[in-house]
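A quick write-up on the structure given underneath.
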Amino acid sequence: MLEKNYDANSVEPRIAKKWDEAKAFAAGAGAREGADPYAIVIPPPNVTGSLHMGHALNNTLQDILIRYQRMLGNNVLWQPGMDHAGIATQMVVERKLNAEDKKRTDFSRPDFIDKIWEWKEESGGTIFNQLKRLGASCDWSRERFTMDEGLSEAVREVFVSLYNEGLIYRGKRLVNWDPHFETAISDLEVENIDVDGHMWHFKYPLAADPETGKPATYEYVEKDEDGNVTLTETRDYISIATTRPETMLGDGAVAVHQSDERYAPIIGKLCEIPVGPKEHRRFIPIITDDYPDKDFGSGAVKITGAHDFNDYMVAKRNDIPMYRLMDTKAALRADGAPYAEEAAKAKAIVESGELPDENTVDAINLVPDEYRGLDRYDARKKVIAAITAEGNAVMTTDEEGNPIPLVEKNKMQQPTGDRSKVVIEPMLTDQWFCDAETLAKPALASVKEGRTNFVPKTWENTYYNWMENIQPWCISRQLWWGHQIPVWYGPKPSDVVAAKEHADLVNAGTDLNVYRDAAWLRSIARFEIFAMHTFQDNPKSYSSVLGEVVDVGELDSWKVVEVESPEAAMHHLTSSLIEGKLEYPVYRDPDVLDTWFSSALWPFSTLGWPDKTKELETYYPTNTLVTGFDIIFFWVARMMMMGNHFMKDDAGKIVEPFHTVYVHALVRDKDGQKMSKSKGNVIDPLELMDKYGTDALRFTLSIMAAQGRDVRLDEDRIVGYRNFGTKLWNATRFAEMNEVKHAEGFKPEDAKLQVNRWILTELSKTIEDVSEGIEKYRFNDAAGAAYKFVWNTFCDWHLELLKPIFNGDDAAAKAEAQAVAAYVLDEIYKLLHPFMPFMTEELWAETAESRDTLLCHAEWPKPQVQDQAAADEINWLIELVSEVRSVRTEMKIKPSLEMQLVIVGASDETKARLERNDAAIRRLARMSDVSLGGEAPEGSAQIVVGEATVCLPLKGLVDFAAEISRLEKEIEGIDKDLKVVGGKLNNEKFVANAPDAVVQENRDRLAELEEKHEIVNEALQRVRSFN
RNA sequence: GGGCGAUUAGCUCAGCGGUAGAGCACUACAUUGACAUUGUAGGGGUCACUGGUUCAAUCCCAGUAUCGCCCA
793 MLEKNYDANS VEPRIAKKWD EAKAFAAGAG AREGADPYAI VIPPPNVTGS
843 LHMGHALNNT LQDILIRYQR MLGNNVLWQP GMDHAGIATQ MVVERKLNAE
893 DKKRTDFSRP DFIDKIWEWK EESGGTIFNQ LKRLGASCDW SRERFTMDEG
943 LSEAVREVFV SLYNEGLIYR GKRLVNWDPH FETAISDLEV ENIDVDGHMW
993 HFKYPLAADP ETGKPATYEY VEKDEDGNVT LTETRDYISI ATTRPETMLG
1043 DGAVAVHQSD ERYAPIIGKL CEIPVGPKEH RRFIPIITDD YPDKDFGSGA
1093 VKITGAHDFN DYMVAKRNDI PMYRLMDTKA ALRADGAPYA EEAAKAKAIV
1143 ESGELPDENT VDAINLVPDE YRGLDRYDAR KKVIAAITAE GNAVMTTDEE
1193 GNPIPLVEKN KMQQPTGDRS KVVIEPMLTD QWFCDAETLA KPALASVKEG
1243 RTNFVPKTWE NTYYNWMENI QPWCISRQLW WGHQIPVWYG PKPSDVVAAK
1293 EHADLVNAGT DLNVYRDAAW LRSIARFEIF AMHTFQDNPK SYSSVLGEVV
1343 DVGELDSWKV VEVESPEAAM HHLTSSLIEG KLEYPVYRDP DVLDTWFSSA
1393 LWPFSTLGWP DKTKELETYY PTNTLVTGFD IIFFWVARMM MMGNHFMKDD
1443 AGKIVEPFHT VYVHALVRDK DGQKMSKSKG NVIDPLELMD KYGTDALRFT
1493 LSIMAAQGRD VRLDEDRIVG YRNFGTKLWN ATRFAEMNEV KHAEGFKPED
1543 AKLQVNRWIL TELSKTIEDV SEGIEKYRFN DAAGAAYKFV WNTFCDWHLE
1593 LLKPIFNGDD AAAKAEAQAV AAYVLDEIYK LLHPFMPFMT EELWAETAES
1643 RDTLLCHAEW PKPQVQDQAA ADEINWLIEL VSEVRSVRTE MKIKPSLEMQ
1693 LVIVGASDET KARLERNDAA IRRLARMSDV SLGGEAPEGS AQIVVGEATV
1743 CLPLKGLVDF AAEISRLEKE IEGIDKDLKV VGGKLNNEKF VANAPDAVVQ
1793 ENRDRLAELE EKHEIVNEAL QRVRSFN
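In our numbering, each number is its position in the first sequence, counted from 1, plus 792.
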């Protein structure tokens, strides 16, 4: 006998163990002979991750699909794995070191990476155990990690291929720089946050006329919309507005819109940046461009190409030098020569009118000596103070009429790092980029041409929008943890080779061949002198610069070695030349790749690519990708780009990584707020599983996962669905008490009793609904159909209707009832298994002495019995009983009081039904007797069911006034419906235009309503006459 | 500024050209007979607003309002 309550906490680990021991989730487990493959790759959680509600929803939905497909007998693989999560992981380990009073830079790079691997072994991947607890039926034996050797090989393969195709390149670009982690990040990792900012207005004085030496002036004229002059004044400056005064130090120009008449007189003239030592003030040109907005600020903008994305474009278009002002921590630069020298270089550039190469410009540090090393915000304060003190701030007046600097408050969007939460600094740096635009084209076509489909479809627009406006993807990160970029450089900067491994560096056809450049080699002689000069007296220091030297291989008559840095390479080359050896040193690019680069390969790298494995052949392309919309750009789009580029069939045709992308919603709290630690509204799925059991959580998430809507999770809902589990548990317990047992060889079609044929028919319908719901990713419909069937059909009615049979004397009926109940319960376990795997697996085992398979491998139900007559009969019975109950309650008749039922005007069919269901009616409607009568007994309440009038003789019990009012109310309702239906049918246009079926439906309904109206009206007259 | 979505019962949400639904909450009653994690019954809705299309609109279209998200 089952326990009275289901104890999730003891059952779940036991069932999990059972699955594990049976290797129930191994790829292909439980598959039919010759089955179709069905594969899903898990969105790899971060190795640092812990299960949150988003994971719970995401993996529950995947598990439903996977378990369903497995039960259909398909060859199923759910591929699990984890992401190395570059920044997040490095952050976690650095934080741990900080707690021990150590920091990353106390370690060498390899030692620090070892520390991370140690951390991973100890505490990484707890999320896998949490996913197992959720019941995720992944093939855990195939767990992969983006940093493991196989996946790393795939990363190198892809990088080198794309590099050789010119789709990956290095360049100096303006990128989003995270000053906390001191690395570049991609656009997607930047969050724009609304903040209250300030806009300062400053005067840039015009340069003196070069010919006369006199201060330059112009007539500044402002007009209103109608062209009337509103202001005229003579100015010797141009006024600019800026939210970032500290970047003025790096200005290369002032720009105005070409159509802005106000500034037309001074286009091409020079103006002074009003900050820094007076004797070294820099002058910059006033230029025109499309970018400035005439109506914003003064209409004139300063152009700081190295620290602003818009300015960068303007500077590019107009050959304006871009001066970098900050270091990797976003403090003002302290490198280079004293300011006076550096400013002179900038002056020379302006005067020559020729733009030197970008590295030369980048080397110039235009931060005045007094500002060097300052944090960017401290520098801002000092710059503002200095300009204001000098009288170059645009002034206004305060409330009392005193002059004050004009500082506008303005709402602005501040870019912040999604991990670090610090303000992102646009920085001009050397980075690696992936040509996303080229890769996006086929990926776009795949969706447009329907080879990959988003569900719900509306997400396709989001995808198009992004893919059509895609920017180069910055893939390099200045971190230590990640896939190091497989590019080696020789001592000469132009010597660049991408290689999967050392051997490829010295293979035939390598690009590593600068040593063949005799002229260049001769020039190396210079370094000989340099090296001797530097290290002669201090050989120890020499070896410390050299660092480790690793043999790479032979190339021509040279020995190629790998060293640790560009400096080491140069010294090594020099020293080997001194010693008369032909040793050619290379060093590897220190950057690592964006974490999402390896995730982009996930659907094929996890299956063994670039090797041609059996798994790859079987399970690629995968079927469905289940993900949240927040990573469509980060992940889905990039998998499409990489998958389409690298995965082709034998005919060279693209094979997309998946054919369906199911995008589910975000889980929010019950008030619709996004869950976040700072808001303190995070609901921990693990706590919920402890409290209500995993199945309750899973069922709740499934039934709430309607397409296109966020899931607002309310704990009360979980309580409700926990109760649903209990209901099923107790239904099974009840069955057990009545010796309901799985009957070997029972065929549903053999059932004779209407009540059984009815439930089997309802079951068929439910099987269709649940299957269709899952197939169409309408998880809420699927779960809802199962819920309704189990509780409102099977428990509320079928089991109730079986009670008189179980308690009766008809042995054959009893045997059939037992067999059918057992059969239906088995089918229920199967239907619910994808949603509630633990409880159903437990019940499956508990309800038979032995089973051929685990429930997770049992065959998915198929509709068997369709018996409309039985369905009609029992639905009639349900209506009858419900009506009687309703009237009893309304008439305030004690439930314990047994009454007599007299049916008037019954057809032959109704008579037969009454006979067949006599016991059930008496039990469920609490009647002592059911009889047929010619007319309604005096003092009856009367109910119209179909053609018959059901009379409850209530003489002495019933409140006739109440009964009259009840019947009047009913007639009122019927009249209302009659009016609607009749109105339609009287409308010629309706009859002419509506589909025949609809017209007929309304005709039938009208007839039905009219008949009912008549019968109820008769009943009403009768009651009135009793009164 | 551009785009997407939402607005249905007190709450959380389904639905969707032709009888407006669920769960929770609420009210009344019942019972320890599988289940109080229960049963029976009940109340509760101008389907945001304004127009339009249609024989017919909660549903389609346009506009308005409010809210949310994404992108600049």
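The beta carbon of each residue, even a glycine, is placed where N, CA and C say it ideally should be.
Shown here, L1304 sits in coil according to DSSP, grouped into three states, outside any helix or strand. The beta carbons of F937 and H876 sit closer together than 9 Å.
The three-state reading of DSSP puts D855 in helix, counting H, G and I together.
The three-state reading of DSSP puts D1052 in coil, since its state is none of H, G, I, E or B. According to the DSSP assignment, H1364 belongs to the alpha helix (DSSP H) that extends over 1358-1370. H993 is a Cβ neighbour of G1089, given a cutoff of 9 Å.
About 5 Å separates the Cβ atoms of T975 and L1271, confirming a contact at the 8 Å cut-off. Membership of V1355 in the beta strand (DSSP E) is indicated by the continuous run 1350-1355. Taking 3 residues as the shortest admissible run, the region 818-899 contains the following complete beta strand (DSSP E) segments, listed from N- to C-terminal end: 829-833, 867-871. Contact annotation: W1312 and Y1379 have beta-carbon atoms that are not nearer than 9 Å. Cα atoms of V1453 and I858: separation of roughly 15 Å, rounded to the nearest angstrom. In this structure, Q1276 sits away from N984, with a CB-CB distance that is not shorter than 9 Å.
For the set L1393, E1011, K1686, the Cα lying nearest the Cα of F1426 is the one of L1393. In the DSSP assignment, K1606 falls within the unbroken alpha helix (DSSP H) covering 1603-1624.
Annotation: the continuous beta strand (DSSP E) that includes W1224 extends over 1217-1226. With a cutoff of 9 Å on beta-carbon distance, E1375 and V1342 are scored as not near each other. Counting only residues of its own chain and dropping the five nearest sequence neighbours on each side, A1171 has a CB closer than 6 Å to the CB of E1038, L1124, Y1163.
Taking the Cβ atoms as the reference, V1696 lies roughly 5 Å from A1728, within the contact range of under 8 Å. As the crow flies, the alpha-carbon of D1508 is around 15 Å from that of D1476. Classified as buried, M1481 has 16 or more neighbouring CB atoms from the shown chains inside 10 Å of its CB. For W1272, there is no enclosing alpha helix (DSSP H), as DSSP marks it with neither H nor E.
Residues of the same chain with a CB within less than 6 Å of the CB of L954, apart from the 5 flanking positions on each side, are I960 in chain order. In this structure, E1633 sits away from K907, with a CB-CB distance that is not shorter than 9 Å. Within the region 1629-1702, complete beta strand (DSSP E) segments of at least 3 residues are found at 1691-1696, given in chain order.
Shown here for D1710: same chain residues with a beta carbon closer than 7 Å to its own, the five before and five after excluded, namely V1722 in chain order. With 16 or more other CB atoms across the displayed protein chains lying within 10 angstroms of its CB, N968 is buried. For K1768, the number of other beta carbons within 10 angstroms of its own is below 16, and it is reported as exposed. Counting the other Cβ atoms within 10 Å of the Cβ of L1023 gives fewer than 16, which makes it exposed. Less than 9 Å divides the Cβ of L1220 from the Cβ of Y1104. Three or more beta-carbon pairs separated by less than 8 Å link the region 1256-1270 to the region 1229-1238, which places the two stretches in contact. The Cβ-Cβ distance between Y1029 and Y996 falls below 9 Å. As DSSP reads the structure, Y1029 sits in a beta bridge with P997. Taken in chain order, the complete alpha helix (DSSP H) segments of 4 residues or longer contained in the region 1104-1187 are 1131-1144, 1150-1155, 1168-1182. For W911, the enclosing alpha helix (DSSP H) has its first and last residue at 901-915.
Cβ-Cβ distances below 6 Å link A1784 to nothing in the same chain once the five nearest sequence neighbours on each side are left out. Counted as a single uninterrupted DSSP element, the beta strand (DSSP E) harbouring N1202 occupies residues 1199-1209.
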